[in-house]
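The sequence shown lines up with residues -17 to -1, 1 to 528 when you count with mature numbering (1 follows the signal peptide of the UniProt record, and there is no 0).
From the three backbone atoms N, C-alpha and C, an ideal C-beta is built for every residue, glycine too.
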Amino acid sequence: MWWGALQLLLLLVAAAAEPASTLTGPSRPVTVALRKDRGHAVDLPDTDPRVQRRATGWAPEQITVALSAAPTSAWVSWITGEFQMGGTVKPLHPGTVASVVRYGLAADSLVREATGDALVYSQLYPFEGLQNYTSGIIHHVRLQGLEPATKYYYQCGDPGIPGAMSAVHAFRTMPAVGPRSYPGRIAVVGDLGLTYNTTSTVDHMVSNRPDLVLLVGDVCYANMYLTNGTGADCYSCAFGKSTPIHETYQPRWDYWGRYMEAVTSGTPMMVVEGNHEIEEQIRNRTFAAYRSRFAFPSTESGSFSPFYYSFDAGGIHFVMLAAYADYSRSGEQYRWLKKDLAKVDRAVTPWLVAGWHAPWYTTYKAHYREVECMRVAMEELLYSHGLDIAFTGHVHAYERSNRVFNYTLDPCGAVHISVGDGGNREKMATTHADEPGHCPDPRPKPNAFIGGFCASNFTSGPAAGRFCWDRQPDYSAYRESSFGHGILEVKNETHALWRWHRNQDHYGSAGDEIYIVREPHRCLHKHNSTRPAHGRQNTTRESGG
């Protein structure tokens, strides 16, 4: 008898330890109290060995692997030569060093070779006293004809120049496109920066052994600095009234690339732009570093833009969208997205996952309903194609929503997850818009990059007539102000496990976890695999005006 009781107890313990599931419906909103003030983070200085240049001569550094649109192709990027800073800078010639990758299935048998393109970019300011910047030579080479789910070894550089080839690195291609193969673990981070908290985030992320990294904007925060290298936690507070243009200190990009190389040379990383990548300069040019330093499957996915693109990894179709480029329904991005989604066969790639920078469903005061215009323009299209998960950043905290569409609890809506808690030097977001006295001013704030201001008071539901709720909204399932990262494990065509890991916790432990379960029989028409079914059930509508 005691044996049966023990077995029952063990089953109950196992059931209690099992993560919750979206299948059981929306969960009760949870807010984790701030345990202690983690509002500041300190940047790594340029004297830290992890950010200093170790390459000599024309040897490659800042090596990065990125995916192409399909698992039979991948990109390898790197930099050769040194950047220059000064009042007058002379760019290196991109043709000085060849762009070659030798690769193969064994470290001592790099029998295949691919060549690519090189470029140099500059960050220039037409104001006396400001320092200009020109980069080293940036190389991008696309490897084609790869086998899915295969480990490839490679060297990059110029074999014609002594000492100009890298050490041998290795990466694994994504699984073949199909409903029964998935990457083991996908790490998701945002607003990473280059602080001591960043190093904790990256260490924890690496301990989880991801097969792919998604970085949903705000990379190195070079625009928190003046061109003389002086930085601040709040640029506008410290420098906004004393500089003729929003300056940047571009060497922070090189520091970030050097620090991250240990990760990015072996694990593919996909990046989408954030507001800290805007970086205005001479002749109103923007996003120069972002456009130049990363490789994107823009041509392969038909977007022809570094700001939005798509790719497949096993049974997942990813769409990376731009919160800081035109997203109106008459714009190029929307037209591309509509065509891209129309080509998705959910029998082949059951999961549809999106990533962009600024969240649609944040309940923090910081950036509250800031990109409502983007949501109004795009949410219906994504919903009509059965978007499963949306990853965002921007707000420096963690938040996960229940399934939601147009502020409505909806069993066929997407789960929105904001991971803007990567560790950057700006303050942690700790105040919620629903707290007394903290609802932001609803009047529009001029911003040339987010397409206006569309938010207004809610027209129905518990928040009717108000701009903010007076309690944590029902669509907000979990929120917490802590640095960390997330891991997505897609198990099969219908089940994926999401875990969020706090930096202050032990390696491997999760602060938030849930099974995200697709219900295609409920949410997708049988005759058309890209349209959700009509007749949503048990919803609580909170429509915006």
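Could you tell me the boundaries of the alpha helix (DSSP H) in which residue i lies?
i	result
A271	271 to 276
D237	234 to 247
L365	355 to 367
W343	Run containing W343: none; DSSP gives neither H nor E here.
F190	In the sequence on display, residue 190 carries Ser and not Phe. Taken as a continuous stretch (DSSP letters only), the alpha helix (DSSP H) holding S190 covers 179 to 190.
E65	E65 -> no alpha helix (DSSP H), and no H or E assigned at all.
R318	315 to 325
R505	503 to 506
For residue i versus residue j, is the C-beta spacing smaller than 8 Å?
i	j	result
L392	Y179	no
P2	L507	no
K428	F436	yes
A416	Y351	yes
S384	A460	yes
G161	G297	yes
S149	G140	yes
L209	M252	no
R168	E409	no
G70	N115	yes
A153	P131	no
S105	V72	yes
L102	A57	no
E476	R241	no
T213	G406	no
S60	A52	no
So that I know if they touch, is there some Cβ in chain D lying closer than 8 Å to that of residue i?
i	result
F279	In summary, chain D is missing from the structure at hand, where a single protein chain is found.
May I ask which residues mark the beginning and end of the beta strand (DSSP E) holding residue i?
i	result
C139	134 to 140
S219	Counting along the chain, S219 falls outside any beta strand (DSSP E), though it belongs to the alpha helix (DSSP H) covering 218 to 222.
F432	Unbroken run through F432: none, as it is neither H nor E.
Y86	83 to 87
A97	95 to 98
Q45	44 to 50
Y381	381 to 384
D495	495 to 500
F287	Note, F287: premise wrong, no beta strand (DSSP E); not H, not E.
A153	152 to 155
Residue i bridges to which residues according to DSSP?
i	result
Q106	Y116
L195	I169
M207	Paired residue(s): none; M207 is not in a bridge.
T14	R462
V473	A479
H399	A373
Y292	M303
V255	The partner list for V255 (beta bridge, DSSP) is empty, contrary to what the question assumes.
L126	A57
Contact check, residue i vs residue j under 8 Å by CB: the rounded distance?
i	j	result
P227	L195	Not quite, the Cβ-Cβ distance comes to about 41 Å (not below 8 Å), so this is no contact.
Q127	T55	7 Å
R462	E382	4 Å
A380	S492	A380 to S492, Cβ: 19 Å. No contact.
F66	D237	6 Å
I261	F432	6 Å
T231	P193	Not confirmed; about 29 Å, so no contact.
For the ligand SAH, is there a heavy atom less than 7 Å away from the beta-carbon of residue i?
i	result
Y218	The ligand SAH is absent from the structure shown, which contains no ligand whatsoever.
Inset, instruction - Spell out a yes or no on whether the stretch 265 to 281 and the stretch 170 to 182 are touching, meaning 3 or more CB-CB pairs, one atom from each, closer than 8 Å. - result: The stretch 265 to 281 vs the stretch 170 to 182: no contact.
Inset, instruction - Spell out a yes or no on whether the stretch 338 to 349 and the stretch 314 to 329 are touching, meaning 3 or more CB-CB pairs, one atom from each, closer than 8 Å. - result: Here the stretch 338 to 349 does not lie against the stretch 314 to 329, with fewer than 3 beta-carbon pairs under 8 Å apart.
Inset, instruction - Taking 8 Å as the threshold, find out whether the stretch 370 to 388 comes into contact with the stretch 282 to 295 through three or more Cβ pairs. - result: With the rule of 3 Cβ pairs closer than 8 Å, the stretch 370 to 388 does not count as touching the stretch 282 to 295.
Inset, instruction - Would you check if the stretch 486 to 499 and the stretch 203 to 221 touch, i.e. whether three or more CB-CB distances between them fall below 8 Å? - result: No, the stretch 203 to 221 does not touch the stretch 486 to 499.
Inset, instruction - Evaluate the contact criterion for the stretch 355 to 366 versus the stretch 461 to 481: three or more CB pairs, one atom per stretch, below 8 Å. - result: The stretch 355 to 366, when compared against the stretch 461 to 481, does not touch it at the 8 Å Cβ threshold.
Legend entry - Contact between the stretch 311 to 324 and the stretch 85 to 94 (3+ Cβ pairs under 8 Å): Segments in contact, no.
Legend entry - Sufficient close CB pairs (3 or more, under 8 Å) joining the stretch 180 to 188 to the stretch 273 to 285: Taking 8 Å as the limit for Cβ pairs, the verdict is that the stretch 273 to 285 does not touch the stretch 180 to 188.
Inset, instruction - Would you be able to state if there are at least three C-beta pairs under 8 Å between the stretch 115 to 125 and the stretch 3 to 13? - result: Remark: fewer than three beta-carbon pairs, one from each stretch, lie closer than 8 Å, so the stretch 3 to 13 and the stretch 115 to 125 are not flagged as touching.
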